[in-house]
Amino acid sequence: MFPDRLRELRKGRGITLENLADAMNEQLDPGQKPNTAAQIGNWERGDRSPSYLEVCKLADFFEVSLDFLVGRTMAEKTDLSLLFLSGKEIDFNGKPLTDQQRFDIFQYVNAYLNPAVDMSDGDVMINHQENLF
Numbered sequence: 003m004f005p006d007r008l009r010e011l012r013k014g015r016g017i018t019l020e021n022l023a024d025a026m027n028e029q030l031d032p033g034q035k036p037n038t039a040a041q042i043g044n045w046e047r048g049d050r051s052p053s054y055l056e057v058c059k060l061a062d063f064f065e066v067s068l069d070f071l072v073g074r075t076m077a078e079k080t081d082l083s084l085l086f087l088s089g090k091e092i093d094f095n096g097k098p099l100t101d102q103q104r105f106d107i108f109q110y111v112n113a114y115l116n117p118a119v120d121m122s123d124g125d126v127m128i129n130h131q132e133n134l135f
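Following my numbering, the numbering of the sequence shown begins with 3 at its first residue and continues without gaps.
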């Protein structure tokens, strides 16, 4: 299952074996050997297996859980609130969101899904709602 998931994730995002190897090599620990495109190709074919550390790097790179990557869960799931509160860049229609936009969108979604939540005066209320429709 792991080889198939790795190939699906890589190809689904339009990443070459070389690009993936380069991305994995950006954070090499001292004494660690760099990953190669051939090595990743071997993983995708099931000829060889990556180390636990390499699987963790792959999961981080693709922003999926280890369980999803190795086939223990079928659905790739993301907690939207954690995504908005994380430091990771979020794009919308190819443009990165500013911190304020991220916060505003988080507030909109939170208010929509949790209408009983009492938003304090310090929170950004939905003052741009008319622009969304």
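Quick reminder that beta carbons are idealized off the backbone N, C-alpha and C, glycines included.
All values reported here derive from a predicted model rather than from experimental measurement.
Can you tell me which of the three DSSP states residue i falls into?
| i | result |
| --- | --- |
| Lys90 | coil |
| Lys35 | coil |
| Asn21 | helix |
May I ask which residues mark the beginning and end of the alpha helix (DSSP H) holding residue i?
| i | result |
| --- | --- |
| Glu10 | Phe4 to Gly14 |
| Asp66 | Going by the sequence as given, residue 66 is Val instead of Asp. Run containing Val66: none; DSSP gives neither H nor E here. |
Leaving out five residues before and five after residue i in sequence, what residues of the same chain have Cβ atoms less than 6 angstroms from its Cβ?
| i | result |
| --- | --- |
| Asp69 | Thr75 |
| Phe86 | Arg104 and Phe108 |
| Val57 | none |
Given a threshold of 16 other Cβ atoms within 10 Å of its Cβ, counted over all protein chains shown, does residue i qualify as buried or as exposed?
| i | result |
| --- | --- |
| Arg12 | buried |
| Phe94 | exposed |
| Lys35 | exposed |
Taking 7 angstroms as the limit between beta carbons, can you name the residues of its chain near residue i, skipping five residues before and five after?
| i | result |
| --- | --- |
| Leu19 | Ala39, Ile42 and Gly43 |
Look up residue i in the DSSP assignment and give the residues it is bridged to.
| i | result |
| --- | --- |
| Lys97 | Phe94 |
Quick one: what's got a C-beta closer than 8 angstroms to residue i's C-beta in the same chain, skipping five residues either side?
| i | result |
| --- | --- |
| Asn27 | Pro36 and Asn37 |
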